[in-house]
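Notes to accompany the following structure.
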Amino acid sequence: MIRSKATTFFIHAAGWLVFLGFPLLFMNRTQQSSAGTYAVLFSPYYWLFCLTYIFMFYLNAWYLVPKFVFRKRYLWYGIIVLLLSGCVYFLQPFDNLLLHNLIKGNKPVATTAPNPQPIGPQITPTGIDSSAPDQQNMPFGPLPHEDLRMQDPSLKPTNRIIFIHQSGNIDMVGLFIFIIVMGLSVAIATVQKWQLTEQMVTRAEAEKAHAELSFLKAQINPHFLFNTLNNIYALSVTNSEHTSESIMKLSNIMRYVTDEVTEDFVLLQNEIDCINDYIDLQRLRLGKKTKLDFEVSGKIDNQKIPPLILMTFIENVFKYGVSKHQPSVIDICLRVNGNQMLFICKNTIFEKRPATERKGIGIANNRQRLQHIYPNKHRLDISVADGNYIVELEINA
6 MIRSKATTFF IHAAGWLVFL GFPLLFMNRT QQSSAGTYAV LFSPYYWLFC LTYIFMFYLN
66 AWYLVPKFVF RKRYLWYGII VLLLSGCVYF LQPFDNLLLH NLIKGNKPVA TTAPNPQPIG
126 PQITPTGIDS SAPDQQNMPF GPLPHEDLRM QDPSLKPTNR IIFIHQSGNI DMVGLFIFII
186 VMGLSVAIAT VQKWQLTEQM VTRAEAEKAH AELSFLKAQI NPHFLFNTLN NIYALSVTNS
246 EHTSESIMKL SNIMRYVTDE VTEDFVLLQN EIDCINDYID LQRLRLGKKT KLDFEVSGKI
306 DNQKIPPLIL MTFIENVFKY GVSKHQPSVI DICLRVNGNQ MLFICKNTIF EKRPATERKG
366 IGIANNRQRL QHIYPNKHRL DISVADGNYI VELEINA
């Protein structure tokens, strides 16, 4: 946020420096004098020109557009813009800047006559001298500087008062600059509004995704624990000697679930340890008709995955792929290659438990979690082939 504000500040500063420099360059070329730039810079009409448009730019961008345009109060906005254009028409910032500074710069040209003669009847100590030439009788009319001063009293030298010159012409350049400034301020305000809206939407989507992941994990954990407790209950009813070992395995699993599942990612090795405990816990209830194979290959360092993302599929393997009366095969394979992981689990399908009856929430939740965490970076294929239910999950972190 601070970085964005600093970037915006520098963009505005650079833009206004360019805007402030244009009048100086224009006047300097017109006056053809090295001292002209400093004269324009300290001219009150230069700052009247610059501050007028700067004020209107930020008034429009920070107040008028948010208050009227974004609230769809277009009529009031149009009236206010017309009033502002009337202010520009009255102030005539460009014409005043051009007129006052060009006259000062060209004053030597206006007084090129070496000894200008008095024009018209002159008052002398002895009376009225009518021998002086009259302006009407002069072949070329009055001198240029006298004509300008007679037509426009504002050209009389003054150092303290800013006189707003009002000519009969419309300051078209000033109005054109006004239109450009107002258009740019509307565009900038609209872009800032769009960026703010995009940030709010992104933040809302992130919060929604986080809430959905928390809810999904809250659904998975009780689902997993309830099934495991049912297995231990079955062992206790039969007074199995493996009951205490099962409780220890369950304690390890619960410690993992309560301590690490709260994180968005956990170490892959911790997830594998939890799977080992779960499989060992399931072996206690498996009969001789079930063949179980669990294989992990590849170098496991500090890779991380979402917690319980593999456990859901393994849980379904033991839930639907085990039979006490028919032979069954369970194959679980995990291959790790750097940041790539391939997980495959396969189990036998029994006629009384078709694959279409798997209506648990685990797989559906896993799909949503993978879409949130690994968009376009994972592949989840669930298929049925040769009487086996096969799950293939590939993750490219």
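The opening position of the sequence shown corresponds to residue 6 in my numbering, with each subsequent residue numbered one higher. Just so you know, even glycine gets a beta-carbon here, dropped at the ideal spot from N, CA and C.
{"Asked": "Assigned secondary structure, residue 382 (DSSP; H/G/I helix, E/B strand, else coil)", "Found": "coil"}
{"Asked": "Residue 341 vs residue 308 beta-carbon contact at 8 Å", "Found": "yes"}
{"Asked": "Assumed close pair residue 355, residue 331 - CB separation to whole angstroms, cut-off 8 Å", "Found": "6 Å"}
{"Asked": "Beta carbon of residue 44 nearer than 8 Å to that of residue 194", "Found": "no"}
{"Asked": "Residue 386 versus residue 368: straight-line alpha-carbon distance, rounded", "Found": "11 Å"}
{"Asked": "DSSP-derived helix/strand/coil call for residue 302", "Found": "strand"}
{"Asked": "Beta-ladder partner(s) of residue 394, from DSSP", "Found": "352 and 389"}
{"Asked": "Segments of 4+ residues assigned as alpha helix (DSSP H) that fall wholly inside the segment 307-355", "Found": "316-325"}
{"Asked": "CA-to-CA distance, residue 197 to residue 64, given in whole angstroms", "Found": "15 Å"}
{"Asked": "C-alpha distance - residue 349 paired with residue 397, whole-angstrom precision", "Found": "5 Å"}
{"Asked": "Any 3 or more C-beta pairs closer than 8 Å across the segment 272-283 and the segment 248-264", "Found": "yes"}
{"Asked": "Three-state class that DSSP yields for residue 20 in the structure shown", "Found": "helix"}
{"Asked": "Segment contact, 8 Å Cβ cut-off, at least three pairs: the segment 292-304 with the segment 249-258", "Found": "no"}
{"Asked": "Three-state secondary structure assigned by DSSP to residue 117", "Found": "Because residue 117 sits at a pLDDT of 41, beneath the cut-off of 50, its placement in the model cannot be relied upon, and the following sentence gives the value as read from the coordinates. DSSP places residue 117 in coil when its eight states are reduced to three."}
{"Asked": "Proximal residues to residue 191 (C-beta, below 8 Å), its chain only, five neighbours per side dropped", "Found": "65, 66, 70 and 74"}
{"Asked": "Continuous alpha helix (DSSP H) assignments of at least 4 residues falling wholly in the segment 271-300", "Found": "273-288"}
{"Asked": "Residue interval of the alpha helix (DSSP H) (run including residue 54)", "Found": "49-64"}
{"Asked": "8 Å Cβ shell around residue 22 - same chain, five flanking residues per side excluded", "Found": "none"}
{"Asked": "CA-to-CA distance, residue 47 to residue 94, given in whole angstroms", "Found": "24 Å"}
{"Asked": "According to DSSP, residues forming a beta bridge with residue 399", "Found": "347 and 384"}
{"Asked": "CA-to-CA distance, residue 269 to residue 86, given in whole angstroms", "Found": "53 Å"}
{"Asked": "Supposed close pair residue 305, residue 345 - CB separation, criterion 8 Å", "Found": "So it is not a contact: roughly 12 Å between Cβ atoms."}
{"Asked": "Exposure label - residue 400; buried when at least 16 CB within 10 Å", "Found": "buried"}
{"Asked": "Cβ neighbours of residue 233 in the same chain (closer than 8 Å, five flanking residues each side left out)", "Found": "255, 258, 283 and 286"}
{"Asked": "Limits of the unbroken alpha helix (DSSP H) element including residue 261", "Found": "248-265"}
{"Asked": "Test item: CB-CB of residue 62 and residue 186 under 8 Å", "Found": "yes"}
{"Asked": "Cβ pair residue 317, residue 334 closer than 8 Å", "Found": "no"}
{"Asked": "Where residue 99 sits in the DSSP three-state scheme", "Found": "helix"}
{"Asked": "Nonlocal neighbours in the same chain, by C-beta distance under 8 Å from residue 189, ignoring five residues either side", "Found": "62"}
{"Asked": "Residue closest to residue 235, alpha-carbon to alpha-carbon, out of 320, 84 and 310", "Found": "320"}
{"Asked": "Member of 246, 10 and 315 whose CA lies at the smallest distance from the CA of residue 272", "Found": "315"}
{"Asked": "DSSP three-state assignment for residue 77, whether helix, strand or coil", "Found": "coil"}
{"Asked": "Residue 84 burial status per 10 Å Cβ neighbour count (16 or more: buried)", "Found": "exposed"}
{"Asked": "Coarse secondary structure for residue 371, derived from DSSP in three states", "Found": "helix"}
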